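Structure record follows, encoded as structure tokens.
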Amino acid sequence: HYEAVGVVGAITPWNVPFYLNIAETVPALMAGNTVVLKPAQLTPWSGSEYGRIVAEETDIPAGVFNVVVSNANEVGAALSADPRVDMITFTGSTATGRAILAAGAPTVKKTLLELGGKSAHIVLDDADFGSALPMAAMMACVMSGQSCILPSRILLPRSRYDEGIEVLKNMMENFPVGDPWTPGNMQGPQISDTQRQKVLGLIRSGIDSGARLVTGGGIPENLPVGYYTQPTLLADVDPDSQVAQEEIFGPVLTVTPYDTDDEAIAIANNSIYGLSGEVSSADVDRAFAVATRMRTGNVTINGKSHFGIGSPFGGTKQSGLGYRNGEEGYKEYLEAKTIGMPD
């Protein structure tokens, strides 16, 4: 027998806020729970507007779905620690996820976490570079790189390394950046100046550690207003360097060469994160074999997205606990009860 968990506190991030507000709350409501949504400080309107729509356009009873908008971190901390809250669902940084786990530990609170990512894209030596790499560059730039599942570490075979760098360079140098309301622009600004400064700082860190700046690396000269960052390509990146290990959340790709499939897999797995990944190859069976050895929760092969409402989505290692989507994701918001019945 399955029963609703009870009261679910949903703490959501500022990237793709409308989608994530819905993704964290609708399954909880479907399972029969009461929900308290705390949207991110930088994107409060999406949460409050969502609450208004639920209140005015649905028959959900008052008090079942609640939205608390605040610019204070204490609200999320209070939800995480409050014994009246039976479960916390959170999407955001690994550091904040650890804090939520710690706050909920005294009450052994059920916790669903989707945390950081530093995903690798293994481009095998038989891959179609003309297809795989332009798409990789585009994915790094749309949403200004502010995506947890972005395969931001590109691993290229040494035998075709220069060829791959050139394809990525051409795409990123010509990517349309600017006001997202202007037709044709595909990359807008970072969410804030704080986030842009973090991105620029990690780019500088990469260069200081020996990476080669191929293109980008700064602020577009024609966009002095707004938090814009140039699409940036760093080559010859040390897999152990900060820029290769830390989630950037900006339009930045790092490129590292490899000699064998085994080496590529080892580099891909050299991360505290395990949220996503990608493999490109002309041989699907070979790509699948590589994908099964990547220690990550989700892998795309040749651009075929792993993401779907019916497919479980979750991370390994420090990328999270539990699943969203699919039957597995729905059951996260339920408690199983075993009942012995007489004959």
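Numbering-wise, the UniProt record's numbering puts 301 at position 301 of the sequence shown, and it's gapless, one number per residue. For every residue, glycine included, the Cβ atom is placed at its ideal position computed from N, Cα and C. Bear in mind the structure is a predicted one, so any value in this text is a computation, not a measurement.
Mapping DSSP to helix, strand and coil, what is residue i?
| i | result |
| --- | --- |
| arginine 196 | helix |
| serine 205 | helix |
| arginine 153 | strand |
| methionine 87 | strand |
| glutamine 245 | helix |
| leucine 233 | strand |
| residue 345 | As shown, the chain starts at 1 and ends at 343. That puts residue 345 outside it, with no answer to give. |
| threonine 296 | coil |
| glutamate 49 | helix |
| glutamate 114 | strand |
| alanine 4 | strand |
| leucine 29 | helix |
| leucine 321 | strand |
| glycine 303 | coil |
| glycine 326 | helix |
| isoleucine 22 | helix |
| alanine 120 | strand |
| glycine 145 | helix |
Go ahead and label residue i buried or exposed: buried means 16 or more other beta carbons lie within 10 angstroms of its beta carbon, across all protein chains shown.
| i | result |
| --- | --- |
| glycine 201 | exposed |
| glycine 218 | exposed |
| isoleucine 267 | buried |
| asparagine 15 | buried |
| lysine 304 | exposed |
| histidine 1 | exposed |
| glutamine 146 | buried |
| proline 83 | exposed |
| serine 271 | buried |
| threonine 300 | buried |
| lysine 337 | exposed |
| threonine 182 | exposed |
| threonine 96 | buried |
| glutamine 197 | exposed |
| isoleucine 339 | exposed |
| threonine 94 | buried |
| tyrosine 323 | buried |
| asparagine 33 | buried |
| isoleucine 53 | exposed |
| asparagine 174 | exposed |
| valine 214 | buried |
| isoleucine 265 | buried |
| proline 61 | exposed |
| asparagine 185 | exposed |
Between residue i and residue j, what straight-line distance do the alpha-carbon atoms span, to the nearest angstrom?
| i | j | result |
| --- | --- | --- |
| arginine 295 | glycine 274 | 6 Å |
| leucine 112 | glycine 297 | 15 Å |
| threonine 107 | valine 199 | 37 Å |
| proline 44 | tyrosine 333 | 24 Å |
| alanine 86 | aspartate 236 | Checking the sequence, you will find aspartate at residue 86 rather than alanine. Their backbone Cα atoms lie some 47 Å apart in a straight line. |
| serine 226 | glycine 250 | In the sequence as presented, serine is not what sits at residue 226; that position holds glycine. Going by the C-alpha atoms only, they are around 14 Å apart. |
| alanine 211 | valine 284 | 32 Å |
| isoleucine 191 | proline 13 | 11 Å |
| threonine 316 | glycine 277 | 12 Å |
| aspartate 261 | tyrosine 161 | 14 Å |
| valine 279 | aspartate 343 | 54 Å |
| glutamate 114 | glycine 329 | 12 Å |
| asparagine 269 | aspartate 208 | 24 Å |
| glutamate 57 | alanine 10 | 21 Å |
| proline 151 | asparagine 325 | 21 Å |
| tyrosine 50 | serine 159 | 51 Å |
| arginine 293 | serine 48 | 42 Å |
What residue range is occupied by the uninterrupted beta strand (DSSP E) comprising residue i?
| i | result |
| --- | --- |
| phenylalanine 65 | 65-67 |
| leucine 37 | 34-38 |
| arginine 286 | Segment 284-293 is the alpha helix (DSSP H) holding arginine 286; no beta strand (DSSP E) there. |
| arginine 212 | 212-215 |
| glycine 9 | 7-11 |
| valine 255 | 252-258 |
Taking 8 Å as the line, does the beta carbon of residue i fall inside it for any heavy atom of the ligand SAH?
| i | result |
| --- | --- |
| lysine 337 | As for the ligand SAH, it is missing from this structure, which has no ligand bound. |
Within the 9 Å Cβ cut-off, does residue i reach chain C?
| i | result |
| --- | --- |
| isoleucine 191 | The displayed structure is made up of one protein chain only, and chain C is not part of it. |
Could you give the first and the last residue of the continuous alpha helix (DSSP H) run that contains residue i?
| i | result |
| --- | --- |
| proline 183 | Where proline 183 is concerned, there is no enclosing alpha helix (DSSP H), given that its DSSP letter is neither H nor E. |
| threonine 43 | No alpha helix (DSSP H) contains threonine 43, which DSSP labels as neither H nor E. |
| serine 280 | No alpha helix (DSSP H) contains serine 280, which is instead part of the beta strand (DSSP E) from 277-280. |
| residue 350 | Coverage of the chain is limited to positions 1 through 343, which leaves residue 350 absent and any answer about it impossible. |
| glutamate 173 | 161-173 |
| alanine 266 | 261-268 |
| valine 75 | 74-81 |
| glycine 310 | No alpha helix (DSSP H) contains glycine 310, which DSSP labels as neither H nor E. |
| isoleucine 100 | 94-104 |
- Report yes or no: do three or more beta-carbon pairs, one from the stretch 71-81 and one from the stretch 126-145, lie closer than 8 Å? no
- Message: Using a Cβ distance threshold of 8 Å, determine whether the stretch 30-42 contacts the stretch 58-68, with at least three qualifying pairs required.
- Response: yes
- Count the CB pairs spanning the stretch 132-144 and the stretch 217-234 that are closer than 8 Å, and state whether there are at least three. yes
- Query: Three or more beta-carbon pairs under 8 Å between the stretch 310-326 and the stretch 281-292, yes or no?
  - Reply: no
- Task: Inspect the CB distances between the stretch 95-106 and the stretch 248-264 and report whether three or more fall short of 8 Å.
- Result: no
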